[in-house]
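Sequential numbering of the sequence shown, starting at 1469, is according to this note's numbering. For glycine and all other residues, C-beta sits at the position ideal for the given N, C-alpha and C. Just so we're clear, the structure is a prediction, and the values are computed from it rather than from any experiment.
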Amino acid sequence: LITLSLLPRSQWQSLIHLDTIKARNKPIQPPKKPEAAPFFLPTLPGLSATPVFDAEAAAAAAQQQQEEAEDGTDFFTGGKPSATASKVLRSAPGAGSSRPGQPVSELVAQLRAGGEVGDWTSLMAVLRGMSASAIDRELRAMQVLGGEDEEDEAEGLRDVGLLLDAIHSQLSATRLVNFEFCQALLQLVLQIHGDTIMAHSSLLDAAARVQEALRPTWGRMDKLLQGVRCMVQFFGNLQA
C-alpha cells in the first residue's frame, strides 16, 4: 500500500463508502420505544421524606400526553406547535455562525481562520483527527438551506467556498502530503454540497479551480508511482 497522508487506509476509505457503512450498520429491527413516564410524576400527599407516586394519576397523564401528541397539540402549552418551535436554526452547535454570541464548531473556526491567512495546516490537522462520521456530520451542518436569512445564506456559501479553496490548495501543493485523504474529502463535499455548488457561479469557479489542479496532479502521481515500481523491481532483482 502506498500512502501519502500517512493515515490508516480505513480512515479515508470510510469517507468514500460512508453510505455503505451506514446501511450495513442499520439495525434489522427498529428499536422499541420505552414506556415514557409523564413529565411530572404525581405524588400522594404526606409527611414522609420518601415520595409516594400515584400510579393511577401517572397513567392518566401519560394517556393524555399520547392523545395530545396524536392530534398535534402541544403538551406544555395546550395549543398547536408554533412555527418558531419547529424552525431549524443555523446557530445550532456544529453549524456555526460568525454573529456575536453564536457558537461555531472547531472545524468551521479553523476553516475561517485558514481563509483569512491562507494557511490550511490547522484545518487539515483537525480533519485528520476526526472520524468519517464526524466529518460527514460537520459537512452536513454546513449545508445551505433554502429560505434562510440572506446573511446566513451568504455565510454558508462563503464556508463552502473556503472548503473548496482548502482542497484546491492541498491538491496543488508541491508536496502531496494529503492526496488520497483530500480525494475522499472532495468526493464527500461534492455529494453533500453538489446542488449548492451547481446553483452558484462563485462556487462553480472554485470547483473548476479544483478540477484544473487535479489534472497535472494525477500526472505527478503517476511519475511518483512509476519511480516506486522501478525501485521495487530493481531491489527485487538484486535479491533474486
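Using three-state DSSP, classify residue i as helix, strand or coil.
i, result
"Thr-1511", "strand"
"Pro-1549", "For Pro-1549, the predicted structure reports a pLDDT of 48, less than 50, and the residue's modelled location is therefore unreliable. The matter cannot be settled from this model."
"Pro-1684", "helix"
"His-1668", "coil"
"Lys-1501", "coil"
"Ser-1589", "Here the sequence assigns Thr to residue 1589, which means Ser is not the residue at that position. Thr-1589: helix per DSSP, three-state reduction."
"Gln-1479", "helix"
"Leu-1631", "helix"
"Ile-1496", "coil"
"Arg-1697", "helix"
"Val-1645", "coil"
Taking only the alpha-carbon atoms, compute the straight-line gap between residue i and residue j and give it to the nearest angstrom.
i, j, result
"Phe-1649", "Lys-1501", "39 Å"
"Leu-1474", "Ala-1600", "16 Å"
"Gln-1534", "Glu-1680", "57 Å"
"Leu-1579", "Thr-1511", "53 Å"
"His-1636", "Gln-1611", "20 Å"
"Ala-1530", "Thr-1518", "23 Å"
"Asp-1663", "Met-1699", "44 Å"
"Ile-1489", "Val-1520", "48 Å"
"Leu-1672", "Ile-1665", "6 Å"
"Ser-1590", "Ala-1634", "11 Å"
"Gln-1694", "Arg-1688", "10 Å"
"Arg-1683", "Ala-1577", "30 Å"
"Ala-1675", "Leu-1486", "22 Å"
"Val-1657", "Leu-1607", "7 Å"
"Val-1594", "Phe-1647", "16 Å"
Take the Cβ of residue i as the centre, count every other Cβ of all protein chains shown within 10 Å, and call the residue buried at 16 or more, exposed below.
i, result
"Phe-1703", "exposed"
"Trp-1686", "exposed"
"Glu-1524", "exposed"
"Ser-1670", "exposed"
"Glu-1618", "exposed"
"Val-1645", "exposed"
"Asp-1604", "buried"
"Ala-1528", "exposed"
"Gln-1497", "exposed"
"Gln-1701", "exposed"
"Gln-1532", "exposed"
"Val-1696", "exposed"
"Leu-1631", "buried"
"Leu-1575", "buried"
"Leu-1639", "buried"
| message | Contact between the region 1648–1663 and the region 1480–1487 is defined here as three or more beta-carbon pairs at a separation below 8 Å; is this criterion met? | response | yes
| Quick check: the region 1577–1590 against the region 1627–1638, are there 3 or more CB pairs under 8 Å? | yes
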